[in-house]
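If you use this note's numbering, the sequence shown corresponds to residues 340 to 877, in order. Here is the structure we will look at, set down as structure tokens.
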Amino acid sequence: MIEKHPHPLLASLNFDNSFIRELPADPEPLNYRRQVLGACYSKVQPTPVSQPQVVASAWEVVKLLDLPPTACDSEAFAHIFAGNALAEGMETYATCYGGHQFGSWAGQLGDGRAINLGEVVNQAGERWTLQLKGAGPTPYSRTADGLAVLRSSVREFLCSEAMFHLGVPTTRALSLVLTGDTVIRDMFYDGNPKAELGAVVCRVAPSFTRFGSFQIFAARGDLTVLKQLVDYTIRTDFPHLGAPSPAVYLQWYEEVCRRTAAMIVHWQRVGFVHGVMNTDNMSILGLTIDYGPYGWLEGFDLNWTPNTTDAADRRYRFGNQPAIAFWNLGQLANAIFPLLDSEDIAPLQAALNTYQQTFANGWQAMMASKLGLERFNPDSDYELCTELLTILQSVETDMTLFFRHLADLDSQAGPADDAQLMSPLLAAYYLPEHITPDYQARLGAWLKAYLGRVRTDAVPDELRRQRMNAVNPKYVLRNYLAQLAIDQAEQGDFSKVNELLELLRHPYDEQPDKEAFAAKRPDWARQRAGCSMLSCSS
Ligand code: AMP
Ligand code: MG
């Protein structure tokens, strides 16, 4: 049994653990791997670790929880957020869920290495579930160890916060703690296991419920628990919809469709590729969740995926994310259909179609904003966008740099040749030798059309630039930057993790002393493991 830790710094955490209070529990108290039937969660405690050490923490999340700013400096904090001790009010559990993995139903998955600590209700009345990732095995661990390594934990910690500051809906990260223990991983599943440093991230979100949380009960024909979980979710996370009923289920589902569409539009805006959009990795709140083998586009490429496990089919490639979200929502529709008290699938189908509509509208508005246009004009802008994406795809062009520098173009300049026109964009090209005369002519034609379109808006260049720079980030968590921070952290130097955390708090601002972090990926990182290729091993 892990002890309660009555540290005064953590006494301000105000727990109200509604998930375990209101939903059915697994009666089995022992922690062994099994199928858990008729229950939303199992009580389980974290596995103690030998020497917890805080690598980084996010003060914004500390504040969200009404913790004092110095809380992270205490030894109690390191122990509690590595799973060695519990603060007053914490009740630990792992939840049951299933999911479609790479398009196939995988049965029970569940929190295999995530252990929830309970829900904090802060002074603003917001509910925040705290969850340790990598804190030891649970009944849902299947054949795995329940642990996480430092490299994947650094990636989850930094990306959660980076996404938040980019304005992308996401789960948050409170802390990243080294455990002092090692974990064996075969990073590329090629028979070369090695001991790596273990770590635990404390994730924070209003709810960690996934599409797969509903699917598992539907798949088992357990409509009683399915209904309990849907009703609980609506009451707790969608209270504005009113008392649960079949009509409200439809409204709820439609809202999930809209939120998911909004999230995907953001991913396409910033060039984020999730990498594993299985239905167990889809948040019911439309949050980006489960940062595994994700990556950021360097060269704009609709076919790119960072996930080596998905290299053959590229199911989760950048350009396929909108369609996969739609497919996943279809699976969620199947799961809740039995609760609708009707054999008519038309209302659910109509609700699902709001995804397509919301995504299409959101994508158009997003592209218009990236280009600095007042609004998307379908007559001209659809063609403008598709031609741009074709051009970007044809020569390796850094997506982040291209859009950032596009804001620097002068719409009032006199006639210029193609080379002059594209000169502000040159920093975005990985292989300048691939800029052929044909390419230059095509881009030049596009730039002229673009500047002509910009002039129809009659927005002053300076204002257009400000607007574009507010949606086209200067700094993203480039894959190689995360890897550099990991390399140093593995040597015991956490400064780069913290430097990146600070940098990515202001992704849209010019940070003159941090210019190097805005540069395109250096050539050494092109093929290096961890920089452009990631496996699910974490
Ligand atoms: P993922 O696709 O990485 O989100 O994981 C799919 C399932 O595998 C989830 O149920 C995870 O909790 C579980 N899982 C992943 N890694 C581990 C691990 N090291 N130990 C136990 N369960 C794991
Ligand atoms: Mg997952």
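Note that CB positions come from ideal geometry on N, CA and C, so glycine has one too.
Any non-hydrogen atom of the ligand MG closer than 7 Å to residue i Cβ
| i | result |
| --- | --- |
| D737 | no |
| D484 | no |
| D649 | no |
| N620 | yes |
Boundaries of the alpha helix (DSSP H) in which residue i is found, first to last residue
| i | result |
| --- | --- |
| N837 | S834 to L842 |
| Q392 | Run containing Q392: none in the alpha helix (DSSP H); it sits in the beta strand (DSSP E), Q392 to S396. |
| E849 | Looking at the DSSP string, E849 is not in any alpha helix (DSSP H), and its letter there is neither H nor E. |
| S327 | Coverage of the chain is limited to positions 340 through 877, which leaves residue 327 absent and any answer about it impossible. |
| M761 | D757 to M761 |
| F657 | From DSSP, F657 is part of no alpha helix (DSSP H); its letter is neither H nor E. |
| N716 | N716 -> no alpha helix (DSSP H), and no H or E assigned at all. |
| H346 | H346 -> no alpha helix (DSSP H), and no H or E assigned at all. |
| E414 | E414 to I419 |
| Y528 | Per DSSP, Y528 belongs to no alpha helix (DSSP H) and is neither H nor E. |
| Q866 | That residue, Q866, is in no alpha helix (DSSP H); it is neither H nor E in DSSP. |
| R555 | Reading off the sequence shown, one finds Ile at residue 555, where the question assumed Arg. Per DSSP, I555 belongs to the alpha helix (DSSP H) from F550 to A558. |
| S894 | Outside the displayed range of the chain (340 to 877) lies residue 894, so it cannot be described from this structure. |
| Q374 | Premise fails: Q374 is in no alpha helix (DSSP H) and is neither H nor E. |
| K859 | Run containing K859: none; DSSP gives neither H nor E here. |
| L565 | L562 to D576 |
| A281 | Lying before the first or after the last residue shown, residue 281 is absent from the chain, which here runs from 340 to 877. |
Endpoints, beta strand (DSSP E) assigned at residue i
| i | result |
| --- | --- |
| D619 | Careful: D619 lies outside any beta strand (DSSP E) and carries neither H nor E. |
| G519 | R511 to R524 |
| S381 | Y380 to K382 |
| E535 | K533 to A544 |
Cβ-heavy atom distance, residue i to the ligand AMP, below 7 Å
| i | result |
| --- | --- |
| L448 | yes |
| C875 | yes |
| D917 | In this structure the chain extends from 340 to 877, so residue 917 is not present and cannot be described. |
| G753 | no |
| R481 | yes |
| A378 | no |
| R452 | yes |
| V615 | yes |
Residues bridged to residue i [DSSP beta-bridge criterion]
| i | result |
| --- | --- |
| F742 | BP columns for F742 are empty, so no partner. |
| G634 | V612 |
| M602 | Note: M602 sits in no beta bridge, so no partner. |
| L589 | Its beta-bridge partners do not exist; DSSP assigns none. |
| L748 | According to DSSP, which records beta bridges pairwise, L748 is partnered with nothing at all. |
| F354 | V459 |
| D737 | G638 |
Distance between residue j and residue i (C-alpha atoms, nearest Å)
| i | j | result |
| --- | --- | --- |
| S762 | G753 | 15 Å |
| L456 | K472 | 11 Å |
| D525 | Q440 | 21 Å |
| F657 | D640 | 7 Å |
| A674 | L562 | 10 Å |
| A413 | Q779 | For the record, residue 413 in the displayed sequence is Ser; it is not Ala. Straight-line Cα distance between these residues: approximately 58 Å. |
| N667 | M621 | 8 Å |
| G438 | Q447 | 7 Å |
| L671 | G614 | 20 Å |
| P661 | P347 | 47 Å |
| S514 | A767 | 34 Å |
| G377 | Y432 | 15 Å |
| A782 | L728 | According to the sequence provided, residue 782 is Leu. The question's Ala does not apply to it. Using only the alpha carbons, I get a separation of about 11 Å. |
| K533 | V488 | 11 Å |
| I454 | I341 | 14 Å |
| T386 | Q822 | 28 Å |
| Y479 | Q554 | 16 Å |
| N423 | D450 | 19 Å |
| L842 | A417 | 24 Å |
| L740 | Y380 | 45 Å |
| L679 | P585 | 5 Å |
| S719 | S750 | 18 Å |
| R844 | A685 | 44 Å |
| T572 | V587 | 12 Å |
| L626 | P508 | 5 Å |
| Q866 | S708 | 33 Å |
| S541 | Q390 | Here the sequence assigns Cys to residue 541, which means Ser is not the residue at that position. For C541 and Q390, the distance between alpha carbons rounds to 16 Å. |
| D826 | A809 | 31 Å |
| S396 | Y814 | 20 Å |
Residue i CB to nearest heavy atom of the ligand ADP below 7 Å
| i | result |
| --- | --- |
| L728 | Summarising the ligand content, the structure contains the ligand AMP and the ligand MG and does not contain the ligand ADP. |
Problem - Those runs of the beta strand (DSSP E) which lie wholly inside the segment 433-503 and span at least 3 residues - result: Runs of the beta strand (DSSP E) inside the segment 433-503: 437-440, 443-447, 453-460 and 466-472.
Quiz item: Which whole runs of the alpha helix (DSSP H) in the segment 793-831 are 4 residues long or more, in chain order?
Solution: For the segment 793-831, the full-length alpha helix (DSSP H) segments reaching 4 residues or more read 800-808 and 818-829 along the chain.
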